[in-house]
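> In the working numbering, the protein residues as written are 22 to 452. We put the beta carbon where it would ideally sit given N, CA and C, even for glycine. Computed from a predicted structure; not experimentally measured. First the structure, then my questions, so here it is.
Shown next, in the form of structure tokens:
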């Protein structure tokens, strides 16, 4: 096994694998130990780690010679403090913790364009000085054909055709200064202007080899399910090889909250309604080429931390979190605090996720628009946010869908390009 797989954000002097339980234990000299659980989709592992020096890391392959030479049984990949860790079980048989889990047993056209970022994220916000107690983001393997951590943009459907999707997917994968953004998050599975026809983003993704986080919009449940079934029937394994997961709804809990209602953000959903939609989606894909895909929900980070929404966490295989420091106007939200505000929001979601994967489904900084408290919209600040949050924290570490590739005519405007592969600011990661 490649020693580079064993990377943990602490200085480690010893490590061992408990064959009886499938537990990997890392030790650090003269430091108090805390225990953090990570529950991946396939199995459960635990690490005992130092609460100090969380930002440094190295674990040499020599520390785990037995693990390096053994043939692993189920493996789990996750991130800790933004570092990808792959841990195999190497003992005889299947450990008690190697339990498969695919989640709990259990009208009108859909949204046609990416909704404007929620502007009322200030409730329950975390001070930028708050230090996360842990960073236990579990990252599921994005697909059976690729071990790369997905990164991409959000794409709406209003006015979009297969040709325009292909054009934008190709722009994203060839953005100057980047290694390519080859994943796409969709808000609906329904083609614009139709009742339940399959969205043309799917054949465009197949043509360009773009991975997809499929989206189903609420309350258009029946038509979304019909379009999903039609897509499976029409594209089969070509579709399955590109699907990262299925997001059932987007920011519906936020829109159903007092904040969302006061902001007139549109129709929301209760936790029970979303759980029912998630269960219907699982039933729709059961026995199909998408039966093994993660099914989850996307919402604002402070909707996830609202305990009244816990049932949706329980029902989901993964959580998608949306966070925009630009809109967190009750805190010092200048660009200098952008990274800390975002990381605190992300860690708050991780803290309630119960070890389930937490993906970054929307974040970004606008290149133009109104000043929100201390947050100024311009290309210089957008570039800083890209460097600190995107390059420094998210990209290639956590599945990430940036907001957004092209945002013509919007105010504020979050687009990183005006429609060419040349970006509006430097996207080259310096870290």
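#1: Report all residues from its chain with a CB closer than 7 Å to the CB of residue 362; omit the five preceding and five following residues, and keep chain order.
#2: So, with DSSP's three-state summary, where would you put residue 446?
#3: Mind checking which residues open and close the beta strand (DSSP E) that includes residue 267?
#4: What are the complete alpha helix (DSSP H) segments, minimum 4 residues, inside the region 259-344?
#5: Just to confirm the assignment, what range does the alpha helix (DSSP H) spanning residue 373 have?
#6: Closest to residue 255 by CA distance: which of 231, 281, 218 is it?
#7: In whole angstroms, give me the CA-to-CA distance for residue 439 and residue 424.
#8: Here's a check: name, in chain order, each residue in its chain whose Cβ is nearer than 6 Å to the Cβ of residue 385, leaving out the five neighbours to either side.
#9: Per DSSP, what kind of secondary structure is residue 383 in: helix, strand or coil?
#10: Could you name the residues of the same chain whose beta carbon sits closer than 6 Å to that of residue 259, not counting the 5 residues immediately before and after it, in chain order?
#11: Please classify residue 427: does DSSP put it in a helix, a strand, or coil?
#12: According to DSSP, is residue 392 helix, strand or coil?
#13: Hey, how far is the Cα of residue 358 from the Cα of residue 251?
#14: Within 10 angstroms of its Cβ, does residue 230 collect 16 or more other Cβ (buried), or is it exposed?
#15: Within the same chain, show all residues whose beta-carbon is closer than 6 Å to that of residue 416, passing over the 5 residues directly before and after it, in chain order.
#16: Just to check my reading of the structure: residue 382 and residue 437 have Cβ atoms closer than 8 Å, yes? What is that Cβ distance to the nearest angstrom?
#17: List the endpoints of the continuous beta strand (DSSP E) containing residue 175.
#18: Between residue 192 and the ligand SAM, is the CB less than 7 Å from at least one heavy atom?
#19: Considering only the alpha carbon of each residue, which of 138, 193, 296 lies closest to residue 427?
#20: Contact defined as beta carbons within less than 8 Å: I believe residue 410 pairs with residue 360. What is the distance between those atoms, to the nearest angstrom?
#21: With a CB to CB cut of under 8 Å and the five nearest residues on each side skipped, what residues in its chain are close to residue 322?
#22: Taking the C-alpha atoms as reference points, what is the distance between residue 420 and residue 442?
#23: Quick test of your reading: residue 445 and residue 400, contact by CB under 8 Å. State the CB separation rounded to the nearest angstrom.
#24: Assign residue 80 to buried or exposed, taking buried as 16 or more other Cβ atoms, counted over all protein chains shown, within 10 Å of its Cβ.
#25: Closest to residue 391 by CA distance: which of 378, 431, 372, 274 is it?
#26: Please return the same chain residues whose Cβ sits closer than 6 Å to the Cβ of residue 233, not counting the five positions on each side in sequence.
#27: Which of the three DSSP states is assigned to residue 398 in this structure?
Reading off the structure:
#1: Along the chain shown, read from residue 1 onward, the residue named residue 362 stands at position 341. Around residue 362: 149, 346, 349, 352, 354.
#2: Counting from one through the chain shown, the residue named residue 446 turns up at place 425. Coil at residue 446, not helix or strand.
#3: Within the chain shown, numbered from 1, the residue matching residue 267 stands at position 246. 264-271 is the extent of the beta strand (DSSP E) around residue 267.
#4: 273-276, 279-283, 292-306, 322-325, 331-336
#5: Mapped onto the chain shown, residue 373 falls at position 352. Per DSSP, residue 373 belongs to the alpha helix (DSSP H) from 359-373.
#6: Taking the first residue of the chain shown as position 1, residue 255 is located at position 234. If we check each option's Cα against that of residue 255, 218 comes out closest.
#7: By 1-based counting over the chain shown, the position of residue 439 is 418. By 1-based counting over the chain shown, the position of residue 424 is 403. Going by the C-alpha atoms only, they are around 14 Å apart.
#8: On the chain shown, residue 385 is found 364 positions in, with the first residue counted as 1. Taken in chain order, the residues that qualify are 423, 424, 435.
#9: Here residue 383 is taken as the residue at index 362 of the chain shown, counted from 1. The answer is strand: DSSP assigns residue 383 an E or B state.
#10: Residue 259 sits at position 238 when you count from the first residue of the chain shown. Hits under 6 Å: 227.
#11: For the purposes of this step, residue 427 is taken as the residue at position 406 of the chain shown. Correct three-state label for residue 427: coil.
#12: Along the chain shown, read from residue 1 onward, the residue named residue 392 stands at position 371. If DSSP states are grouped into helix, strand and coil, residue 392 belongs with coil.
#13: Numbered from its first residue, the chain shown carries residue 358 at position 337. Numbered from its first residue, the chain shown carries residue 251 at position 230. Their Cα atoms are separated by approximately 45 Å.
#14: Residue 230 sits at position 209 when you count from the first residue of the chain shown. Looking at its Cβ environment, which holds fewer than 16 other Cβ atoms inside 10 Å, residue 230 is exposed.
#15: Looking up residue 416 in the chain shown gives position 395. The answer, listed in chain order, is 172.
#16: By 1-based counting over the chain shown, the position of residue 382 is 361. By 1-based counting over the chain shown, the position of residue 437 is 416. Incorrect: roughly 16 Å between the Cβ atoms, too far for contact.
#17: Reading the chain shown from its first residue, position 154 is the one you call residue 175. 172-176 is the span of the beta strand (DSSP E), which, as asked, contains residue 175.
#18: Among the components of this structure there are no ligands whatsoever, and the ligand SAM is therefore not found.
#19: In the chain shown, residue 427 corresponds to position 406, counting from 1. It is 193.
#20: On the chain shown, residue 410 is found 389 positions in, with the first residue counted as 1. On the chain shown, residue 360 is found 339 positions in, with the first residue counted as 1. Contact flag correct, Cβ pair sits at about 5 Å.
#21: Counted from its first residue, the chain shown places residue 322 at position 301. Counting only Cβ-Cβ distances below 8 Å, and skipping sequence neighbours, we find 142, 342, 343, 344, 366, 367, 369, 370.
#22: Residue mapping note: residue 420 aligns to position 399 of the chain shown, counting from 1. Residue mapping note: residue 442 aligns to position 421 of the chain shown, counting from 1. Spanning the two alpha carbons is a distance of roughly 22 Å.
#23: On the chain shown, position 424 is the one that residue 445 refers to. On the chain shown, position 379 is the one that residue 400 refers to. Contact flag correct, Cβ pair sits at about 6 Å.
#24: Taking the first residue of the chain shown as position 1, residue 80 is located at position 59. Residue confidence for residue 80 is low, a pLDDT of 30 falling below 50, so the modelled location carries little weight and cannot support an answer.
#25: Against the chain shown, residue 391 aligns to sequence position 370. When each option's Cα is compared against that of residue 391, the closest is 431.
#26: Position 212 of the chain shown, counting from 1, holds the residue named residue 233. The answer, listed in chain order, is 205, 226, 263, 264.
#27: By one-based count along the chain shown, residue 398 stands at place 377. DSSP places residue 398 in coil when its eight states are reduced to three.
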